[in-house]
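Mapped onto the working numbering, the consecutive letters of the sequence shown carry residue numbers 127 to 428. We put the CB at the ideal spot given by N, CA and C, even for glycine.
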Amino acid sequence: MKRTLADDELYESTLEVTISRDMRTLLRVATQQQALLLVLSGPRLGNRTVLSDNAIEIGRGSSAGLVLDADSVSRRHARIEPMGAGHRLTDLGSTNGTYVNGLRVKDHVLKDGDRVQIGKALLKYIAGGNIEGAYHEEIQRLMRYDALTGVHNKRHFDETLRTVISSARGEPVSLIVLDIDHFKKVNDNHGHMAGDAVLCVTANVVKATVPEQFLFARVGGEEFAVLCPSTPLQMAKAAAERVRIAVAASQPVFEDKNLPVTVSLGVAEFKPGSTEAPDELFGRADEKLYQAKDSGRNRVCS
Numbered sequence: 127m128k129r130t131l132a133d134d135e136l137y138e139s140t141l142e143v144t145i146s147r148d149m150r151t152l153l154r155v156a157t158q159q160q161a162l163l164l165v166l167s168g169p170r171l172g173n174r175t176v177l178s179d180n181a182i183e184i185g186r187g188s189s190a191g192l193v194l195d196a197d198s199v200s201r202r203h204a205r206i207e208p209m210g211a212g213h214r215l216t217d218l219g220s221t222n223g224t225y226v227n228g229l230r231v232k233d234h235v236l237k238d239g240d241r242v243q244i245g246k247a248l249l250k251y252i253a254g255g256n257i258e259g260a261y262h263e264e265i266q267r268l269m270r271y272d273a274l275t276g277v278h279n280k281r282h283f284d285e286t287l288r289t290v291i292s293s294a295r296g297e298p299v300s301l302i303v304l305d306i307d308h309f310k311k312v313n314d315n316h317g318h319m320a321g322d323a324v325l326c327v328t329a330n331v332v333k334a335t336v337p338e339q340f341l342f343a344r345v346g347g348e349e350f351a352v353l354c355p356s357t358p359l360q361m362a363k364a365a366a367e368r369v370r371i372a373v374a375a376s377q378p379v380f381e382d383k384n385l386p387v388t389v390s391l392g393v394a395e396f397k398p399g400s401t402e403a404p405d406e407l408f409g410r411a412d413e414k415l416y417q418a419k420d421s422g423r424n425r426v427c428s
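Printed below as a string of structure tokens:
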């Protein structure tokens, strides 16, 4: 799997422009103690929408107060309206449903920190109060963590990989790259929301299985990586096998449907004294991942 900087550069520039553009308005919102919605992923990443005394609709149609231009979003998807000191979220009969903190809802009173999923877009509700502090905290998370799964993102992984490789002193560094098997079938047969549920369950299982000193990150759509400092190849391969077994036993459930999932894993080692570049190490691990895929999936290759 070839990886380029294009997606990262687009992500970073989009986020930085949005922050710069919104800062003056943000300070005014903080003074007025108004609630807002922050887009964490999908269309309009980083955008914030101030929630005033008027109801707003969220959808793909141009008349919506918050337009999310994606096929997974209905033209009139959901509505948010003021209710006392807070806000109420109502699904408007959308095709793919409206979710709050992973649960499908028709009607929900929003609480500070609630994560709202509209199609493939993920938003966070920030209640009136210390808006500025909450906004800055969430932006910092966006810079380091994947909004959907909560694990580290590709940008943070790439930075850490470069640092670990450049500072390696006589100790090996290993890398595990893993990919969810037949993930497209999950999306095609059960919908993208089911696919998101599988991604989140898989991420939680892997995070709970690998040692704390390892860095775990989502580096692509259904692709993850585990950076293993001071770890020789055989130890990393053993860790990868534990991950494989744990994921196969996880049995994710989405809306009462069992969605069995397995992963294929590739492992590579950066040897002490090597002049190999970080991207080259990742490329070798990625090649082993595809070897695992080609030889039947649900296995580890090194």
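- Straight through space, the alpha carbons of K414 and V373 are spaced by roughly 19 Å.
- Look at the region 311 to 385 and you find these whole runs of beta strand (DSSP E), each 3 residues long or longer: 341 to 344 and 349 to 354.
- The Cβ atoms of Y251 and L163 lie closer than 8 Å to each other.
- Just so you know, the alpha carbons of V352 and I371 end up roughly 16 Å apart.
- If you draw a straight line from the Cα of D179 to the Cα of P358, it comes to about 59 Å.
- L407 sits buried, since 16 or more C-beta atoms from the chains shown fall within 10 Å of its C-beta.
- Judged by DSSP secondary structure, D305 falls within the beta strand (DSSP E) whose first and last residues are V299 to I306.
- Across the set V303, L385, M361 and N315, the C-alpha of V303 shows the shortest separation from the C-alpha of V345.
- R368 has its alpha-carbon roughly 19 Å from the corresponding atom of Y416.
- E207 carries a strand assignment under DSSP once its states are collapsed to helix, strand and coil.
- Buried is the label assigned to D284, since at least 16 other Cβ atoms lie within 10 Å of its Cβ.
- Rounded to the nearest whole angstrom, the CA to CA distance from A375 to G347 is 22 Å.
- When the five nearest sequence neighbours on each side are left out, the beta carbons in the same chain lying within less than 7 Å of the beta carbon of A418 are those of S390, L391, G392, R425, V426 and C427, in order along the chain.
- Two segments are said to touch when three or more pairs of C-beta atoms, one from each, lie closer than 8 Å; by this definition the region 307 to 323 touches the region 376 to 387.
- Between the region 294 to 302 and the region 230 to 248 there are fewer than three C-beta pairs closer than 8 Å, too few to call the two in contact.
- Secondary structure of Q417 (DSSP, three-state): helix.
- When rounded, the separation of the alpha-carbon atoms in D307 and D412 is 14 Å.
- With 16 or more other Cβ atoms inside 10 Å of its own Cβ, D305 counts as buried.
- For S167, the enclosing beta strand (DSSP E) stretches over residues A161 to S167.
- Its chain contains D305 as the residues whose beta carbon lies nearer than 6 Å to that of E349, once the 5 sequence neighbours on both sides are disregarded; these appear in chain order.
- If one requires a minimum length of 3 residues, the beta strand (DSSP E) runs lying completely within the region 214 to 253 are 224 to 226, 229 to 231, 233 to 235, 241 to 244 and 247 to 252, in chain order.
- Burial state of P378 is buried, judged by a 10 Å Cβ sphere holding 16 or more other Cβ atoms.
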